[in-house]
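Novice:
Residue numbers (the numbering used here): 210 to 343.
#1: Using DSSP with H/G/I as helix, E/B as strand and the rest coil, what is residue 233?
#2: Using CA coordinates, which residue listed in 273, 245 and 244 is at the minimum distance from residue 256?
#3: In whole angstroms, what separates the C-alpha of residue 238 from that of residue 285?
#4: Flag this pair as yes or no: are the beta carbons of residue 329 and residue 245 separated by less than 8 angstroms?
#5: Could you give the DSSP three-state label for residue 331: helix, strand or coil?
Written as structure tokens, this is what we have:
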């Protein structure tokens, strides 16, 4: 089950190539953007953990987790990166359990999250990173 949506996720790694050329960004408040980017960071962090035997896949998932976490920290309320890191750890644990589960409903939810993270990686994350560079 993990491999099925990880292949979809890692296709999202190409989305990070889009960081250099942002597309029309989604309209999200900074709070919603923070929550969304944090969830994607946790998702990829969990993916890296459950695929640790596959160094390539795990490494790509780690890169994605780092990119999304960078965006989340930039939007963290009050710049509280410690709180963001704690939330990341908690969410990553939940996602890891879901990834190794055989529950079809969880698999469907994770596939939906993978799609949403791909969209955020292509359209929203580049805008957040660009704003930080201004």
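Glycine included, C-beta positions come from ideal geometry on N, C-alpha and C.
Specialist: Taking the geometry as given:
#1: The pLDDT assigned to residue 233 is 41, lower than 50, so where the model puts this residue is not dependable; a value taken from the coordinates is nonetheless given after this. Coil, per DSSP.
#2: 273
#3: 12 angstroms
#4: yes
#5: helix
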